[in-house]
Every structure is written in structure tokens, then in C-alpha cells.
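Peer 1: Dropping a structure here in C-alpha cells format, bear with me for questions.
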Amino acid sequence: MTTSLDQRIKVLNRKINFNMRIATWINLTIGVITIVIAIFSISYRAFMLPGVASLSLGLYYEYREQRLKHEAWQHLDVLVILLIINLFCGAIVPVVFIFFAITERHQINKLSGKSYMK
């Protein structure tokens, strides 16, 4: 039973890393596209700030993943804070993937007995 539980947790961790990798690339893509549009179009200069925010979040995700490797997304509070920041910046598409990562992290916490919610 313990090996199947460990395997289930490993699968969920892989899913979390995959979802956050997708959120990283979406944030980077949205940031670059928004910045390029804002630079070349005078009427869209106001979109420069959300583009910079999205690009910096994508770079932060990539930095965190490279530095911490498998332990990058071990804490639920980090994922919730990143979800709130993305919502505030208007990046809705990465929010979906971060939300999936949050639900998977919650499942891992429930399986390992670390969850404070039922």
C-alpha cells in the first residue's frame, strides 16, 4: 500500500511540475507578445505594464524551477499567492493551470496526512 501511495504522490508531483511549466511558458509568451504590441503601437502603451508583469512572473517560475528542481512547488501557499498575483495582473490562462496544480497539491497533502482541510 505504501508503494502505491508513493507512486500516486510521484505522479501528482509530475502533474504539478507539468502544469507549472505550461503556466511558465504561457506567461512568457503573453508577456513578450504584449510588450511587442505595446512597443509598436502607440495606442496600446497602457498594456506595457501587464506585459512586463506577465514576463517577470514567467521568468520567476523558470528561475524557481531551475533552482529548486523537484521541490519548487512543494508548498500550497506559494501556489495560492502566484494564483492571486496572476489574477491581479489579468493573466487568466495561466491561472487555470495554477489552479490545477493547487488541486493536485491539495490531493498530495490529503494523501500524506498534511492537509488541514477535509
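In my numbering, the protein residues as written are 19 to 136.
Heads up, the beta-carbon is just placed ideally off N, CA and C, and yes, glycines get one too.
Because the structure is a prediction, the values reported are computed rather than measured.
Could you give the first and the last residue of the continuous alpha helix (DSSP H) run that contains E89?
Peer 2: Per DSSP, E89 belongs to no alpha helix (DSSP H) and is neither H nor E.
Peer 1: Excluding the 5 residues preceding and the 5 following A56 in the sequence, name in chain order all residues of the same chain whose CB lies nearer than 7 Å to its CB.
Peer 2: Y62, R63, F65, M66 and G69.
Peer 1: Could you tell me which of K87, L23 and L30 sits nearest to H124, measuring between CA atoms?
Peer 2: It is L30 whose Cα lies nearest to the Cα of H124.
Peer 1: From the DSSP output, in three-state form, read off S59 for me.
Peer 2: Here S59 sits in coil by DSSP.
Peer 1: Could you tell me whether the region 88-108 touches the region 20-27, where touching means 3 or more Cβ pairs closer than 8 Å?
Peer 2: The region 88-108, when compared against the region 20-27, does not touch it at the 8 Å Cβ threshold.
Peer 1: Is it true that the CB of N35 sits closer than 8 Å to the CB of W75?
Peer 2: The sequence as given places Leu at residue 75; Trp does not occur at that position. The answer is no: Cβ separation not under 8 Å.
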